[in-house]
Amino acid sequence: MRWRWKRRLGWPAAAAFLLPGAAAGAPDLEERFAGANRLYEAGRHAEAAAEYEAIRGSGVEDEILFYNLGNAYFKQQRLGLALLNYERAFRLAPKDREIAANRELARSLVYDRIPAPAPAFPIDAILRLHGRMSVDAYTRLFLAVYLTGSGLLAGVLMTRGRPVRRVLQYACAAALLLTLAGGSALAWKAHALGSTVQVIVLEEKVDVRSAPGEDGTVLFTVHEGLQARVRNQREEWLQVSLPNGWTGWVPRAAVGIV
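One gets our numbering by counting positions in the sequence shown from 1 and adding 2 to each.
#1: In this structure, what does DSSP give as the bridge partners for W190?
#2: My guess is that V232 and F222 are in contact by the Cβ rule of under 8 Å, so how many angstroms apart are they, rounded?
#3: Tell me the DSSP bridge mates of W251?
#4: For R46, does the three-state DSSP call read helix, strand or coil?
#5: In terms of residues, what are the limits of the alpha helix (DSSP H) holding T141?
#6: Which same chain residues, not among the five before or five after P96, have their C-beta less than 6 Å away from its C-beta?
#7: Can you check which of these residues, G157, I202, G61, is closest to L170 by C-alpha distance?
#8: What does a CB cutoff of less than 8 Å around T161 pick up in its chain, not counting 5 residues either side in sequence?
#9: For G218 and S243, I'd like the C-alpha separation in whole angstroms.
#10: Quick check on R115: buried or exposed, where buried means 16 or more other Cβ atoms within 10 Å of its Cβ?
#11: T198 to I259, Cα distance in whole Å?
#12: Got a sec, what are the start and stop residues for the alpha helix (DSSP H) L94 sits in?
#13: Quick check on R99: buried or exposed, where buried means 16 or more other Cβ atoms within 10 Å of its Cβ?
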């Protein structure tokens, strides 16, 4: 497990700045990022994590920042916070092998084992592929098949030879179907990211209750690092559901939102 320096387009081009002030302070943030990396390399993982968190607090959303932050927490044996940041990094870069490997390593250390019902083989394969595709990847795929289909349609309209025209018509129909499939997959992915809120348990163990409040009956207990989906919120309590369908309420402060 190792930390990373910035890569690909470099800083800040590879980062998405969510707050207006983040872009203006990019040079300072870059230096802080480099300083945090040096702290990590020196074994000062708590200080490195604090610096990474400060950068994130400036509005930066970047997979390498989250990856390094996850590593810093992992070195401190803070499994929940490590997984929280690995999940954030994975959402931004689902095809990154190092992020995926560290995420799986951390997930293997979670105490709770709550498998979801396995779908049939074709559906399972499709869902796995869908999970590894980012919104950007789906957007590029959609644009590629759309432009290809547009070119083929233009060819159909401009071609007079019947054999060639027929071939182009079939190809255009196939491109249209692929465009519809790509657009549907893109909409599905964007909707899932926008509407599904996932949380990671941050405390060593948390009682899940039947109602929001300490007077609710304890239904079951979950442990640090477990991931759940948010179904509802009431003041400082979240209603969460597990992959096996179990549902209950947990304190908002006991979990971190991915």
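Glycine included, C-beta positions come from ideal geometry on N, C-alpha and C.
According to the structure shown:
#1: For the purposes of this step, residue 190 is identified with residue 188 of the sequence shown, where counting begins at 1. Paired residues: none, contrary to the question.
#2: Along the sequence shown, read from residue 1 onward, the residue named residue 232 stands at position 230. Along the sequence shown, read from residue 1 onward, the residue named residue 222 stands at position 220. Wrong, their Cβ atoms sit about 17 Å apart, outside the cutoff.
#3: Taking the sequence shown and counting its residues from 1, one reaches residue 251 at position 249. Beta-bridge pairing links W251 to R211, Q241.
#4: Within the sequence shown, numbered from 1, the residue matching residue 46 stands at position 44. Three-state result, R46: coil.
#5: As a first step, residue 141 is located in the sequence shown; it is residue number 139 there, counting from the start. Per DSSP, T141 belongs to the alpha helix (DSSP H) from 137-160.
#6: For the purposes of this step, residue 96 is taken as residue 94 along the sequence shown, with counting starting at 1. Once the five neighbours on either side are set aside, the close Cβ partners of P96 are R134, S136.
#7: For the purposes of this step, residue 170 is taken as residue 168 along the sequence shown, with counting starting at 1. Residue G157 is the option with its Cα nearest to L170.
#8: Numbered from 1 along the sequence shown, position 159 holds the residue referred to as residue 161. Counting only Cβ-Cβ distances below 8 Å, and skipping sequence neighbours, we find R167, L170.
#9: Position 216 of the sequence shown, counted from the first residue, corresponds to residue 218. Position 241 of the sequence shown, counted from the first residue, corresponds to residue 243. If I take the Cα positions, the gap works out to 16 Å.
#10: If you number the sequence shown from 1, residue 115 lands on position 113. When all chains shown are included, R115 counts as exposed.
#11: By 1-based counting over the sequence shown, the position of residue 198 is 196. By 1-based counting over the sequence shown, the position of residue 259 is 257. Computed Cα separation, rounded: 11 Å.
#12: To locate residue 94, count along the sequence shown from 1; it is residue 92. Run containing L94: 81-94, per the alpha helix (DSSP H) assignment.
#13: Sequence index remark: in the sequence shown, residue 99 carries index 97 (1-based). Result: exposed.
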